[in-house]
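First up is the structure itself, then whatever we jot down about it.
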Amino acid sequence: MINALIIDDSSFMRAWLKKVLEIHSIHVIAEAADGIEGIIEYKKHKPDLVLLDFVLPRMNGLQTLMQLKRINPNVMVIVCSSLGDTYTIEKFEKHGAYDFIQKPYFEHLGTVITRFKSDFIK
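Reminder that position 32 of the sequence shown reads as 32 in UniProt numbering, one-by-one numbering, no gaps.
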């Protein structure tokens with residue numbers, strides 16, 4: 001089974017993302033409301049997948065991604081954010097994000113998760 005960590009400051013979004021992941025047979029082993037808490041949870045649980053918001057308190061999503069990549073260069077991170085200008089997306093891609101999905105991402109998240117699962121199995 002694939003395990004995931006959700007890092008988002010909105011409890012509503014964490015609950016919604018958890019439901020979507022569970023529909024796709026991905027087990028959410030931890031949740032975090034900010035980047036620092038997310039790093040702690042990642043170190044504790046070592047999930048296969050991280051869903052990461054960009055706008056977070058204490059440590060933004062890009063800083064969090066960079067820290068996660070220092071811990072594990074192979075960590076798979078899907079960034080979910082309402083901020084999706086070309087410059088922002090390119091910065092996340094440059095630092096190794098698996099994908100970047102703009103909110104509202106209701107129709108896109110399932111497609112990206114399916115692709116991730118296929119890549120993960122390889």
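Note that the Cβ used here is the ideal one computed from N, Cα and C, for glycine as well.
For residue i and residue j, I'd like the C-alpha separation in whole angstroms.
{"i": "residue 57", "j": "residue 5", "result": "17 Å"}
{"i": "residue 60", "j": "residue 33", "result": "11 Å"}
{"i": "residue 74", "j": "residue 47", "result": "11 Å"}
{"i": "residue 84", "j": "residue 1", "result": "31 Å"}
{"i": "residue 111", "j": "residue 15", "result": "19 Å"}
Determine the closest residue to residue i out of the options, with distance taken between C-alpha atoms.
{"i": "residue 121", "options": "49, 89, 87", "result": "49"}
{"i": "residue 62", "options": "46, 36, 16", "result": "36"}
{"i": "residue 90", "options": "82, 81, 100", "result": "100"}
{"i": "residue 102", "options": "52, 24, 46", "result": "52"}
{"i": "residue 113", "options": "85, 45, 73, 18", "result": "18"}
{"i": "residue 97", "options": "118, 110, 64", "result": "64"}
{"i": "residue 70", "options": "78, 118, 95, 88", "result": "95"}
{"i": "residue 72", "options": "88, 44, 87, 104", "result": "44"}
{"i": "residue 8", "options": "119, 88, 79", "result": "79"}
On the premise that residue j lies in contact with residue i, defined as a C-beta separation below 8 Å, what is that separation, rounded to the nearest angstrom?
{"i": "residue 39", "j": "residue 67", "result": "5 Å"}
Applying the 10 Å Cβ sphere with the 16-neighbour rule, what's the burial state of residue i?
{"i": "residue 42", "result": "buried"}
{"i": "residue 76", "result": "buried"}
{"i": "residue 12", "result": "exposed"}
{"i": "residue 107", "result": "exposed"}
Under 7 Å, Cβ to Cβ, is there at least one residue of chain C near residue i?
{"i": "residue 58", "result": "Within the model displayed, chain C is absent; a lone protein chain is all it includes."}
Going by the beta-carbon positions, is the gap between residue i and residue j smaller than 7 Å?
{"i": "residue 81", "j": "residue 54", "result": "yes"}
{"i": "residue 3", "j": "residue 24", "result": "no"}
Would the C-beta of residue i count as close to the ligand FMN, meaning under 6 Å from any of its heavy atoms?
{"i": "residue 33", "result": "Annotation note on the ligand FMN: not contained in the displayed structure, which lists no ligands."}
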